[in-house]
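Take the sequence shown: its position 131, counting from 1, is numbered 946 in our numbering, and each next residue is one higher. Idealized CB from N, CA, C, for every residue including glycine. These numbers were taken from a predicted model, which means no experiment stands behind them. Notes for the one structure printed next.
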Amino acid sequence: MSYSAGPGAYLFGKEEIKEIEDVLATGYLFRYGSEDDEKFNGKVYQFEKEMENIIGIGHCVATSSGTGALMACMAALGIGPGDEVIVPGYTFIASISSIIHMNAIPVLAEVDESLTMDPNDIEKRITKRTKAIMPVHMLGNPCDMEPVLAIAKKHNLYVIEDCCQAAGAKYRGKRVGSYGDISAFSLNIFKTITAGDGGAVVTDDIELYKRAFAYHDQGHMPNRAGIEVGARSMFGMNMRISELTGAVALAQIRKIDKIMNVLAQKKALLKNKLENLQTDAFTFRKINDPGECATLLTILFKDAKTAKAFCEKAGTTTISNSGWHVYSNMEQLLEKKTYTETGCPFTCEHNNEMIYEAGMLPNTDALLDRAVNISIGVVDKGLGSSVGINILSSEEEIELQAKTIGEFLADCEEG
Ligand SMILES: Cc1ncc(COP(=O)(O)O)c(C=O)c1O
816 MSYSAGPGAY
826 LFGKEEIKEI
836 EDVLATGYLF
846 RYGSEDDEKF
856 NGKVYQFEKE
866 MENIIGIGHC
876 VATSSGTGAL
886 MACMAALGIG
896 PGDEVIVPGY
906 TFIASISSII
916 HMNAIPVLAE
926 VDESLTMDPN
936 DIEKRITKRT
946 KAIMPVHMLG
956 NPCDMEPVLA
966 IAKKHNLYVI
976 EDCCQAAGAK
986 YRGKRVGSYG
996 DISAFSLNIF
1006 KTITAGDGGA
1016 VVTDDIELYK
1026 RAFAYHDQGH
1036 MPNRAGIEVG
1046 ARSMFGMNMR
1056 ISELTGAVAL
1066 AQIRKIDKIM
1076 NVLAQKKALL
1086 KNKLENLQTD
1096 AFTFRKINDP
1106 GECATLLTIL
1116 FKDAKTAKAF
1126 CEKAGTTTIS
1136 NSGWHVYSNM
1146 EQLLEKKTYT
1156 ETGCPFTCEH
1166 NNEMIYEAGM
1176 LPNTDALLDR
1186 AVNISIGVVD
1196 KGLGSSVGIN
1206 ILSSEEEIEL
1216 QAKTIGEFLA
1226 DCEEG
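Following this line, the structure appears as structure tokens:
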């Protein structure tokens, strides 16, 4: 099996090296080089502009991680102590930990057969403290944004799109990230495009952009333009990226459409072969839009027993056993372990005493117990995708994998 990484990492090549060399040749490693020196490339800035073009949105600020990007989104919206954010129980832990680090409270919602937030489960979670809904485009599949946006509008809530696993995906013809008030991306090694680590915030709202920028860089105005002393808008953090990271991100964003096209073709090939098997032992998860990233093929078995039998034969795990992406495997959440001794913000007076326990999302639990990820472009044991193909797999390799997986599927039904 191939090494653990996303499709962008597999395509690292001369384009990234050229961009890095440009930076090294000038010696400007900091994102704010000398504007007057024509040698200064401004790779981070260029990446931000190209990201805006790709997403089809007004503003982008690059950040040091997707986690930081989510925090900057919430800081921009003014989400803080006592506020509740509705987030699916199946997501990477950072969707939840970023809420905690804003001293806000995550309220978990069920996922549906798309393994993204179930729009029918949102309204019952809304309280007078709810400030935002955070749909997560999980495993590259766009969340069903139309009903999510309608609910947000009805209840006057913000929408923060967590696009960390779905850079490049489209929903109803537009890129994910362009639907929410503000959205976050990750550039870590498992993502569709990568700079090793890194992230980005995008929004159409100039004021939110200014606030996200300020949060990511010690309260400064975008690009540190304008008179700063005495005019900084808030305490910020340092979540900047360097020109070296910006250089790789720039080369990668230029590959995003190629990555989407190649993955769509490879997934279709593998999926068609498996669809032709005459069995009712499994179906596939629901895909909310054909513009999904096609980074994974998720099998939904008819029951947990059949899924387990498949995993034993294939040497993989069901999603429910795959690790940190499932709320019931997040010990920090279940035990309310924060960096404070008291477990604040979970336990602060102004918060509801939320209870997080295995079994609290029965639909999600039942689905994940019978779900298995097959890799197409993201090879990651942490997602349970240690079986499958990668973006470089040839047609012959895909056919061979389809045959092997097909045999496991036939066996698991018999046994
Ligand atoms: C859904 C989701 N949200 C947030 C993040 C956090 O991104 P990063 O690792 O860049 O901080 C990830 C990364 O794995 C993710 O998958």
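Worksheet item: Which class does E867 belong to by DSSP, given the choice of helix, strand or coil?
Response: Here E867 sits in helix by DSSP.
Discussion item. Once DSSP output is grouped into helix, strand and coil, what is the label at D1184?
Written reply: Helix.
Worksheet item: Are the Cβ atoms of A1083 and K1117 separated by less than 8 Å?
Response: Remark: C-beta atoms of A1083 and K1117 do not approach each other more closely than 8 Å.
Fill in: Selection from L1112, S880 and T1179 that minimises the alpha carbon distance to V1016
Checked all of L1112, S880 and T1179; the closest Cα to V1016 is S880.
Item to complete: Tell me whether S1001 sits in a helix, a strand or coil according to DSSP, three-state version.
Response: Note: S1001 maps to strand in three-state DSSP.
Item to complete: Note down the Cα distance separating M917 from K1128, rounded to an integer number of angstroms.
Response: Distance between the alpha carbons of M917 and K1128 is about 43 Å.
Discussion item. Taking only three categories from DSSP, how would you classify P903?
Written reply: Annotated three-state conformation of P903 is strand, per DSSP.
Fill in: DSSP-derived helix/strand/coil call for I941
In the three-state reduction of the DSSP assignment, I941 falls in the coil class, being assigned neither a helical nor a strand state.
Worksheet entry | Own chain residues within Cβ distance below 6 Å of M816, not counting five before or after | A caution first: M816 carries a pLDDT of 47, below 50, which makes its placement in the model too unreliable to give a value.
Worksheet item: Is the beta carbon of A1066 less than 8 Å from the beta carbon of E831?
Response: The Cβ-Cβ distance between A1066 and E831 falls below 8 Å.
Practice prompt. Determine the contact status of G883 and G1014, defining contact as a CB-CB distance below 8 Å.
Written response: Remark: C-beta atoms of G883 and G1014 approach each other more closely than 8 Å.
Discussion item. So, at 6 Å on beta carbons, what are the nonlocal neighbours of P934 in its own chain, with the 5 sequence-adjacent residues on each side left out?
Written reply: Cβ within range, chain order: D959, P962 and V963.
Worksheet item: Is any heavy atom of ligand 1 found at a distance shorter than 7 Å from the C-beta of V951?
Response: At least one heavy atom of ligand 1 is nearer than 7 Å to the Cβ of V951, so yes.
Worksheet item: In the structure shown, what three-state DSSP assignment does H970 receive?
Response: Note: H970 maps to helix in three-state DSSP.
Fill in: heavy atom of ligand 1 below 7 Å from Q861 C-beta
Flag unset: Cβ of Q861 not near ligand 1.
Worksheet item: If you measure from the CB of G881, is any heavy atom of ligand 1 nearer than 7 Å?
Response: For G881, the shortest separation between its Cβ and any heavy atom of ligand 1 lies below 7 Å.
Worksheet item: Heavy atom of ligand 1 less than 7 Å from the Cβ of N1144, yes or no?
Response: No, since every heavy atom of ligand 1 falls outside the 7 Å radius drawn around the Cβ of N1144.
Worksheet item: Residue range of the beta strand (DSSP E) that V1017 falls in?
Response: Counting along the chain, the unbroken beta strand (DSSP E) around V1017 starts and ends at G1014 to T1018.
Practice prompt. Give me the Cα-Cα distance between T1131 and E1212, rounded to the nearest whole angstrom.
Written response: About 19 Å.
Fill in: Rounded separation between I1236 and C979 - CA only
Only positions 816 to 1230 of the chain appear in this structure, which leaves residue 1236 out of reach.
Worksheet entry | Complete runs of the beta strand (DSSP E) confined to the segment 1147-1224 [at least 3 residues] | Restricting attention to beta strand (DSSP E) runs no shorter than 3 residues, the segment 1147-1224 encloses them at 1186-1190, ordered along the chain.
Worksheet item: A1027: buried (16+ other C-beta within 10 angstroms of its C-beta) or exposed?
Response: Here A1027 is buried. Its C-beta has 16 or more other C-beta atoms within 10 Å.
Worksheet item: How should H1165 be labelled, buried or exposed, when 16 other C-beta atoms within 10 angstroms of its C-beta is the threshold for buried?
Response: H1165 should be labelled exposed.
Discussion item. Using 8 Å as the threshold, is the C-beta distance between D996 and Y1030 below it?
Written reply: Cβ distance not < 8 Å, so D996 and Y1030 don't count as in contact.
Item to complete: Give a yes or no on whether the C-beta atoms belonging to L1059 and I835 are separated by under 8 Å.
Response: The answer is yes: Cβ separation under 8 Å.
Worksheet item: If you run the structure through DSSP and keep just helix, strand and coil, what is A1062?
Response: DSSP places A1062 in helix when its eight states are reduced to three.
Worksheet entry | Chain-order list of residues whose beta-carbon lies under 7 Å from that of G897 (same chain, five-residue window excluded) | Non-local beta-carbon contacts of G897 in its own chain, meaning distances under 7 Å to residues more than five positions away in sequence, involve R944, H1165 and N1166 in chain order.
Worksheet entry | First and last residue of the uninterrupted beta strand (DSSP E) at P921 | For P921, the uninterrupted beta strand (DSSP E) run begins and ends at I920 to A924, by DSSP.
Item to complete: Output yes or no for whether 8 Å exceeds the beta carbon distance between F1005 and V1141.
Response: Result no, Cβ atoms of F1005 and V1141 do not sit closer than 8 Å.
Worksheet item: If you compare alpha carbons, which of G893, A919, T1018 and E865 is closest to V902?
Response: Among G893, A919, T1018 and E865, the Cα nearest to that of V902 belongs to A919.
Item to complete: Please go through the segment 1095-1129 and give each complete beta strand (DSSP E) segment of 3 or more residues, from N-terminal end onward.
Response: Complete beta strand (DSSP E) runs here, min 3: 1097-1099 and 1111-1116.
Fill in: Coil, strand or helix - K1006 by DSSP
Under the three-state reduction of DSSP output, K1006 falls in the coil class, being neither helix nor strand.
Item to complete: Taking all protein chains shown into account, decide if T1007 is buried (16 or more other Cβ within 10 angstroms of its Cβ) or exposed.
Response: Taking every protein chain shown into account, the CB of T1007 has 16 or more other CB atoms within 10 angstroms, so this residue is buried.
Worksheet item: Which residue comes first and which comes last in the beta strand (DSSP E) that contains G877?
Response: Residue identity check: residue 877 is Ala in the sequence provided, not Gly. Where A877 is concerned, the enclosing beta strand (DSSP E) stretches over H874 to T878.
Discussion item. Just to confirm, is the Cβ distance from G1106 to A984 under 8 Å?
Written reply: In this structure, A984 lies closer than 8 Å to G1106 by Cβ.
Practice prompt. Specify the secondary structure class of E830 as computed by DSSP and reduced to three states.
Written response: Residue state, collapsed to three classes: helix.
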